[in-house]
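Comments concern the structure below.
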Amino acid sequence: MALLEVQELTIRFGGIVALDGVSFTVGEDDLVGLIGPNGAGKTTVFNVISRLYTPDRGSVRFSGHDLLKDRPAGIVRRGVARTFQNLQLFPHMTVMENVLVGTHSIGKSDVFSAALGLPQVVGEEHRLHERAWSILELLNLTGVARLVAGALPYGVQKRVDIARALASRPRLLLLDEPAAGLNPAEVEHLAELILEIRRFSNASVLLVEHHMALVMRICQRVVVLDFGKKIADGTPQEVQRDPAVIAAYLGETAEAH
Amino acid sequence: MHFDVQQIINGIAVGSIYGAVALALVLIFRSTGIINFAQGEMATFCTYIGWTFIVADRMPYWIGFTVALAFAFLLGVGIERVVIRPVERAPELAVVIVTLGLFTIFNSLSLGVWQSLPKPFPTPFKGGAIHVGNLFISRPHLGVLISSLVVMALIFAFFRFTKVGLAMRASTLNPTAARLMGVNVDRMLMLGWGLAAAVGGAAGIFTANLILLDPNMMGGVLIYAFAAAVLGGLTSPVGAVVGGLLVGVLESLAGTSSFIGSDLKTPVAFVVIVLVLLIRPAGLFGRTRVSRV
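So the protein lines, in turn, are chains A and B. Start counting the first sequence at 225; every next residue gets the next number (the numbering used here). Start counting the second sequence at 2; every next residue gets the next number (the numbering used here).
Given below as structure tokens:
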């Protein structure tokens, strides 16, 4: 059984069909790329999986469980964490605090015992701090741990976003355009980082990305969307040769822009 | 304006109360974007609860104080859940009207249950003034100053060092992202109202320590607390506290300077605040919203 099963997803905004019967799966220990031209519906897929949108039709199952029954705050407890295309950090908090909020879902203690500062709560907070710190080390962020996140360079903020998502100990990590806005050296580093993250966390990764070289290099499988429909699904080599994909990216009449 | 260290000391003590109420206002404003006009009347009501325990039931002062604050916390939580949440998505003006409604409800409740006759409120800080050189501070003032600083420090430590405090800040800064981290944002709002009500309640009791307890006791305090919150920048808890101390000092200096006097001290304090806001519209510690165009 696949870890994530997306079936026949359809969602309309007014008259626009943003997703039209999209189905795909992500297996255990998989690294799947989700690509397509602008407006193809990639981020919409993410927003459905993380329950920001409710689809008109279709189902999303995560290790057998119907995700559409959960509230947004419940998704992360199932083991699904995401990053954002346009950064959604907590801008006035430090990097460390951002990552600690990411651990929120794995703490067991409830609000009231935490407010009383019971010993096991203190022990748990200590463990969460250690976890947060080890993630900061992994993402090479220990040097900025005490700095306010919103004031950092864009590329660093993107890593904080990934660190925060990773902090929840996800089984599936949704990365929304992690390479957007990065310079070539940073993209090179990102590829290594994603592979390293997988070794660290054993999480499957679903990667939305425009940077083709990155996708083709690290992904095991690639799903291609165009105008809300899936047009291809296969290995990077298969997808690159697919005439429908070539047409979608270059335009059928190959108009120059 | 005659610069008088003695007046500054008195102003700081009273200003710590303004700071505490301003902090309560800011806690709610940050998370819900509204000003809780009922903050002062809720505090008065909770102070009467404290009075009932301490004076009528002869409970030790600090136990009665703690029970009153716990009551205030639950009151805040209950009000958020029952009255504020249904209008959460309503226009802001509607929510403002709801808090004005709460203002009259709690004012009438205090008046109805405990009558209008001012009541002395016991203070654990008894005795004469403490002298240092030719300066002095009365023990009640010193006690109130220290207690409100302790209450505010506890609130800051809670937000800074606890997981729940962190989750509450995250909910304020970016509710959507906080939800996706598994934070129950609705519950954090409830907690925020509870904490604000508890801080307000503490300020109510401290006010009653210095003046007599009566149903309209917090009216003046709330006005100064608004001023303090705005001066500090409305979104900044630190700003609220600093704003409160500044307003207290301004009020005290204006009230005793020979050419202003106590009748005109309020307008003068506000004129100074307006001048500050002309130069820094976002307040002393406020953040100006910068949006990408």
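In this text, a Cβ means the ideal position worked out from N, Cα and C, and glycines have one as well.
Is it right to say residue i is buried, meaning 16 or more other beta carbons lie within 10 angstroms of its own, or is it exposed?
| i | result |
| --- | --- |
| Trp-194/B | buried |
| Lys-127/B | exposed |
| Met-320/A | buried |
| Ile-280/B | exposed |
| Val-6/B | exposed |
| Leu-512/A | Residue 512/A cannot be examined here, being either before or after the span of chain A that is shown, 225 to 481. |
| Val-304/A | buried |
| Val-133/B | exposed |
| Phe-66/B | buried |
| Glu-93/B | exposed |
| Glu-349/A | buried |
| Arg-31/B | buried |
| Leu-24/B | buried |
| Gln-381/A | buried |
| Phe-162/B | exposed |
| His-435/A | buried |
| Ala-478/A | Note on Ala-478/A: pLDDT 46, under 50, position unreliable in the model; no value is reported. |
| Ala-204/B | buried |
| Val-395/A | First, the amino acid is wrong: residue 395/A is Arg here, not Val. By the 10 Å Cβ count, Arg-395/A comes out buried. |
| Ser-17/B | buried |
| Ala-480/A | A caution first: Ala-480/A carries a pLDDT of 43, below 50, which makes its placement in the model unreliable, though a value can still be read off. So Ala-480/A ends up on the exposed side. |
| Ile-64/B | exposed |
| Glu-433/A | buried |
How long is the line joining the alpha carbons of residue i and residue j, rounded to whole angstroms?
| i | j | result |
| --- | --- | --- |
| Arg-281/A | Asp-253/A | 28 Å |
| Pro-315/A | Leu-371/A | 11 Å |
| Leu-376/A | Phe-72/B | 43 Å |
| Tyr-49/B | Tyr-62/B | 13 Å |
| Glu-416/A | Glu-410/A | 10 Å |
| Gln-444/A | Asp-400/A | 17 Å |
| Gly-79/B | Lys-164/B | 23 Å |
| Val-68/B | Gly-201/B | 14 Å |
| Pro-467/A | Glu-229/A | 26 Å |
| Val-272/B | Leu-278/B | 10 Å |
| His-3/B | Arg-140/B | Per-residue confidence for His-3/B stands at a pLDDT of 44, beneath the threshold of 50, marking its modelled position as unreliable; no derived number is given. |
| Thr-267/B | Leu-276/B | 14 Å |
| Arg-355/A | Ile-442/A | 26 Å |
| Ser-117/B | Ala-199/B | 24 Å |
| Asp-457/A | Val-469/A | 10 Å |
| Val-1/B | Gly-102/B | Nothing in the structure corresponds to residue 1/B, since chain B is present only between 2 and 294. |
Can you list, in chain order, the residues of its chain with a C-beta nearer than 7 Å to that of residue i? Leave out the 5 residues immediately preceding and following it.
| i | result |
| --- | --- |
| Leu-223/B | Val-22, Gln-40 and Gly-41 |
| Val-186/B | Ser-172, Pro-176, Ala-179 and Arg-180 |
| Met-218/B | Thr-45, Thr-208, Ala-209 and Ile-212 |
| Asp-486/A | Only positions 225 to 481 of chain A appear in the structure, and residue 486/A is not among them; the question remains open. |
| Val-272/A | Leu-233, Ile-235, Pro-279 and Val-284 |
| Met-189/B | Ala-168, Met-169 and Ser-172 |
| Asp-385/A | Thr-307, Phe-308, Leu-311 and Leu-313 |
| Met-191/B | Val-78, Glu-81 and Arg-82 |
Excluding five sequence neighbours on each side, which residues of the same chain lie with their C-beta closer than 6 Å to the C-beta of residue i?
| i | result |
| --- | --- |
| Phe-104/B | Phe-38, Ala-39 and Glu-42 |
| Ile-131/B | Ile-138 |
| Gly-326/A | Arg-388, Ala-391 and Ser-392 |
| Gly-265/A | Ala-242, Leu-243, Leu-449 and Gly-452 |
| Ile-295/B | A query on residue 295/B cannot be resolved here, the shown segment of chain B reaching from 2 to 294 and no further. |
| Thr-268/A | Ala-242 and Leu-243 |
| Gly-260/A | Lys-266, Val-448, Leu-449 and Asp-450 |
| Thr-100/B | Asn-37, Phe-38 and Ala-39 |
| Asp-215/B | Pro-119 |
Who are the Cβ neighbours of residue i in its own chain at under 8 Å, not counting the five residues just before and after it?
| i | result |
| --- | --- |
| Phe-160/B | Gly-166, Leu-167, Met-169, Arg-170 and Pro-238 |
| Leu-352/A | Leu-324, Thr-327, Ile-330 and Gly-331 |
| Arg-306/A | Phe-270, Ile-273, Ser-274, Ala-389, Leu-397, Leu-398, Leu-399 and Asp-400 |
| Arg-383/A | Leu-363, Asn-364, Leu-365 and Leu-417 |
| Asn-407/A | Gly-379 |
| Met-60/B | Phe-54 and Val-68 |
| His-289/A | Arg-302 |
| Asn-310/A | none |
| Arg-288/B | Gly-234, Thr-236 and Ser-237 |
Determine which residues share a DSSP beta bridge with residue i and list them.
| i | result |
| --- | --- |
| Gly-257/A | Leu-431/A and Val-446/A |
| Asp-457/A | Val-447/A |
| Asp-466/A | The partner list for Asp-466/A (beta bridge, DSSP) is empty, contrary to what the question assumes. |
| Leu-286/A | The amino acid at residue 286/A is misidentified as Leu; the sequence shows Phe. Answer is Leu-228/A and His-289/A. |
| Ile-235/A | Leu-243/A |
| Arg-175/A | The displayed coordinates of chain A run from 225 to 481. Any statement about residue 175/A would go beyond what the structure contains. |
| Thr-249/A | Glu-229/A |
| Arg-306/A | Leu-398/A |
| Val-372/A | Thr-318/A |
Quiz item: In chain order, which continuous runs of the alpha helix (DSSP H) of length 4 or greater are located wholly inside the segment 383-427 of chain A?
Solution: For the segment 383-427 of chain A, whole alpha helix (DSSP H) runs of length 4 or above, ordered along the chain, are 408-425.
Quiz item: In the segment 98-185 of chain B, which residue ranges form an unbroken alpha helix (DSSP H) of at least 4 residues, counting only runs that do not cross its ends?
Solution: Correct list: 140-162, 164-174 and 176-181.
Exercise. Could you pull out every unbroken alpha helix (DSSP H) segment of at least 4 residues lying fully inside the segment 204-278 of chain B, listed in chain order?
Key: Entirely contained in the segment 204-278 of chain B, the alpha helix (DSSP H) runs reaching 4 residues are, in chain order, 219-233 and 238-257.
Quiz item: At what residue ranges does the segment 11-82 of chain B contain a whole run of the alpha helix (DSSP H), taking only runs of 4 or more?
Solution: Counting only runs of 4+ residues, the alpha helix (DSSP H) found wholly inside the segment 11-82 of chain B occupies 40-52 and 62-80, in chain order.
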